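Structure record follows, encoded as structure tokens.
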Amino acid sequence: GAVVSQHPSRVICKSGTSVKIECRSLDFQATTMFWYRQFPKKSLMLMATSNEGSKATYEQGVEKDKFLINHASLTLSTLTVTSAHPEDSSFYICSPSGMSTDTQYFGPGTRLTVL
Amino acid sequence: QKEVEQNSGPLSVPEGAIASLNCTYSDRVSQSFFWYRQYSGKSPELIMSIYSNGDKEDGRFTAQLNKASQYVSLLIRDSQPSDSATYLCAVNLGRNYGQNFVFGPGTRLSVLP
Numbered sequence: 008g009a010v011v012s013q014h015p016s017r018v019i020c021k022s023g024t025s026v027k028i029e030c031r032s033l034d035f036q037a038t039t040m041f042w043y044r045q046f047p048k049k050s051l052m053l054m055a056t057s058n059e060g061s062k063a064t065y066e067q068g069v070e071k072d073k074f075l076i077n078h079a080s081l082t083l084s085t086l087t088v089t090s091a092h093p094e095d096s097s098f099y100i101c102s103p104s105g106m107s108t109d110t111q112y113f114g115p116g117t118r119l120t121v122l
Numbered sequence: 002q003k004e005v006e007q008n009s010g011p012l013s014v015p016e017g018a019i020a021s022l023n024c025t026y027s028d029r030v031s032q033s034f035f036w037y038r039q040y041s042g043k044s045p046e047l048i049m050s051i052y053s054n055g056d057k058e059d060g061r062f063t064a065q066l067n068k069a070s071q072y073v074s075l076l077i078r079d080s081q082p083s084d085s086a087t088y089l090c091a092v093n094l095g096r097n098y099g100q101n102f103v104f105g106p107g108t109r110l111s112v113l114p
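Chains as they are written, first to last, in the numbering used here: chain R, 8 to 122; chain X, 2 to 114.
Spelled out as structure tokens, the structure:
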């Protein structure tokens with residue numbers, strides 16, 4: 008399977024601060040990056056899809072100005088949660104996808120807790 | 002409408018029994034099918050993929066696909082307590098769609114020792 012890393016694995020921050028989550032595809036070129044969010048005991052929810060070098064496409068109900076996605080290279084994408092609030096506390100998971108594979112692999116996830 | 006449905010569970014089976022997890026999908030253009038396992042607090046990990054009608058076996062796991070019935074299942078033989086997790090069914094609609102993968106809500110499996 009693909010090797011995907013996320014950093015940080017866990018972050019606790021104060022309300023109003025911004026948090027950046029990095030996702031790296033270590034062994035293949037991620038032409039597309041999917042970002043998911045998962046609340047406790049709930050299913051995966053797709054937040055946005057980004058193609059390398061292009062603006063991300065956000066799912067309905069996801070604020071693009073709050074969740075900033077950058078996908079400037081084939082191996083790195085970042086998700087920045089701006090002005091985080093307690094309701095943003097969740098498990099954020101990236102999933103890179105490349106033309107060489109039709110299987111979707113996931114990063115290990117980032118647990119965000121906003122106090 | 003692109004939907005993938007699963008029973009949320011929990012599905013409880015005794016250790017050593019066969020666990021049967023089911024998934025139905027609504028879009029006939031679906032091309033490939035996947036089962037993921039997700040432990041609590043962890044991200045999903047791929048267990049199996051299946052592309053053709055019939056059965057595909059890998060160790061204790063068997064995936065079954067019936068495209069005519071739009072049905073895919075996962076059988077876990079000799080279930081172990083370590084198999085207790087949420088199992089996600091995923092359907093790949095193919096490269097002509099913006100978001101290729103559609104995930105089901107997951108079925109929680111509990112294997113009782």
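Idealized CB from N, CA, C, for every residue including glycine. If you're wondering where the values come from, they're calculated on a predicted model, not measured in any experiment.
Simplified DSSP state of residue i, which is helix, strand or coil
| i | result |
| --- | --- |
| residue 83 of chain X | helix |
| residue 59 of chain R | coil |
| residue 93 of chain R | helix |
| residue 99 of chain X | Residue placement at residue 99 of chain X is flagged as unreliable, the pLDDT there being 47, under the threshold of 50; the coordinate-derived value follows with that caveat. Coil at residue 99 of chain X, not helix or strand. |
| residue 38 of chain R | coil |
| residue 73 of chain X | strand |
Chain-order list of residues whose beta-carbon lies under 6 Å from that of residue i (same chain, five-residue window excluded)
| i | result |
| --- | --- |
| residue 29 of chain R | 14, 85 |
| residue 21 of chain R | 122 |
Burial state of residue i, where buried means 16 or more other Cβ atoms lie within 10 Å
| i | result |
| --- | --- |
| residue 54 of chain X | exposed |
| residue 69 of chain X | exposed |
| residue 11 of chain X | exposed |
| residue 19 of chain X | exposed |
| residue 64 of chain X | buried |
| residue 67 of chain X | exposed |
| residue 44 of chain R | buried |
| residue 45 of chain X | buried |
| residue 24 of chain R | exposed |
| residue 82 of chain X | exposed |
Residue i: contacting residues in chain X (beta-carbon distance under 9 Å)
| i | result |
| --- | --- |
| residue 76 of chain R | Under the 9 Å cutoff, chain X gives no residues; its nearest Cβ is about 14 Å from residue 76 of chain R. |
Cutoff 7 Å: residue i Cβ touching any chain R Cβ
| i | result |
| --- | --- |
| residue 27 of chain X | no |
| residue 100 of chain X | Here residue 100 of chain X scores only 48 on pLDDT, less than 50, and its place in the model should not be relied on; the value that follows carries that caveat. Yes - at least one Cβ of chain R is within 7 Å of the one on residue 100 of chain X. |
is_contact[residue i, chain X] using C-beta, thresh 7 Å
| i | result |
| --- | --- |
| residue 19 of chain R | no |
| residue 68 of chain R | no |
Contacting residues, own chain, Cβ-Cβ under 7 Å from residue i (five flanking each side not counted)
| i | result |
| --- | --- |
| residue 25 of chain X | 6, 71, 72 |
| residue 100 of chain X | With a pLDDT of 48 at residue 100 of chain X, under the threshold of 50, the predicted position of this residue should be treated as unreliable, though the coordinate-derived value follows. The answer is none, since no qualifying residue turns up. |
| residue 52 of chain R | 43, 44, 45 |
| residue 86 of chain X | 38, 39, 40, 110 |
Chain X contact residues for residue i, given Cβ-Cβ distances below 8 Å
| i | result |
| --- | --- |
| residue 50 of chain R | 89, 104, 105, 106, 107 |
| residue 60 of chain R | Per Cβ cutoff of 8 Å: no residues; residue 60 of chain R is ~16 Å from chain X at best. |
Contact set between residue i and chain R, taken where Cβ atoms lie within less than 7 Å
| i | result |
| --- | --- |
| residue 44 of chain X | 100, 113, 114, 115, 116 |
Proximal residues of chain X, C-beta to C-beta of residue i below 7 Å
| i | result |
| --- | --- |
| residue 109 of chain R | 33, 93 |
Proximal residues of chain R, C-beta to C-beta of residue i below 9 Å
| i | result |
| --- | --- |
| residue 50 of chain X | 109, 110 |
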